[in-house]
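Residue numbers (my numbering): 56 to 260. A virtual CB, placed ideally from N, CA and C, is assigned to each residue, including glycine. Keep in mind it's a predicted model, so treat the numbers as computed, not measured.
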Ligand SMILES: N[C@@H](CCC(=O)N[C@@H](CS)C(=O)NCC(=O)O)C(=O)O
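Structure (structure tokens):
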């Protein structure tokens, strides 16, 4: 198996944490999306990372499909529970976290492409910012005072939540999510100490 990715991508980080938690062997190939010879289109016609090349050569995308595949391939430890209600709740957490990442990506691209002065928000950015703020509020409310986002052990819900928060720090550090969401800060700090999370920090990866 080979994972195509780059250290700055939160979707790639989600997959890499899942691989590490499961102790799964997988070659990691760093690619530069902007390079004309990146080769990503052969694996993913949408030109996005992550893409996972299976041992039989078949390529999988996107990150949600890849982590579901890995769960089937390496059932222990369980990161996506089998029972329908639990499974769907964990996938909902993943969708929420992915949506925050999508909005963060959109704002960061807009900053690069537009001439909106730093600190100013175009309509489109304001719209994306609202998704981030409401998304953070939903994550904080749903976590409450529990130790894990869903159930009593680490799941894909915690991994996705953590990666979304880390990506906010990485590209939009002016957004202070810690002060209003003390419970997310506690979860983030606890998870950051785990080997799989620490080893995939963009600066370490
Ligand atoms: N929904 C996709 C999102 C993947 C994605 O947007 N990846 C970014 C890197 S962070 C990318 O490859 N962007 C290149 C592009 O959109 O052309 C997933 O979960 O895998």
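- Shortest Cα-Cα distance from residue 162 to any of 150, 149 and 179 involves 179.
- For residue 77, the uninterrupted alpha helix (DSSP H) segment begins and ends at 65-77.
- In the displayed model, residue 106 falls within a strand according to three-state DSSP.
- Bridge partners of residue 114 according to DSSP: 108.
- Going by beta carbons, residue 183 and residue 158 fall inside the 8 Å limit.
- In the displayed model, residue 209 falls within coil according to three-state DSSP, outside both helix and strand.
- Listed as beta-bridge partners of residue 84 by DSSP are 59.
- Per DSSP, the continuous alpha helix (DSSP H) segment holding residue 95 begins and ends at 95-98.
- The residues 118, 122, 214, 215 and 218, in chain order, have a CB closer than 7 Å to that of residue 69 in the same chain once the five nearest residues on each side in sequence are set aside.
- Out of 149, 88 and 83, the CA that lies nearest to the CA of residue 56 is found in 83.
- Taking residue 187 as the centre and dropping the five residues before and after it, the same chain places the C-beta of 155 and 158 closer than 6 Å to its C-beta, in chain order.
- For residue 210, the distance from the CB to the nearest heavy atom of ligand 1 is not below 7 Å.
- The three-state reading of DSSP puts residue 253 in helix, counting H, G and I together.
- The nearest non-hydrogen atom of ligand 1 is less than 7 Å from the C-beta of residue 88.
- Per DSSP, residue 243 is one residue of the alpha helix (DSSP H) stretching across 237-247.
- Not one heavy atom of ligand 1 falls within 7 Å of the beta-carbon of residue 179.
- Taking the Cα of residue 201 as reference, the smallest distance to any Cα among 240, 76 and 134 is reached at 240.
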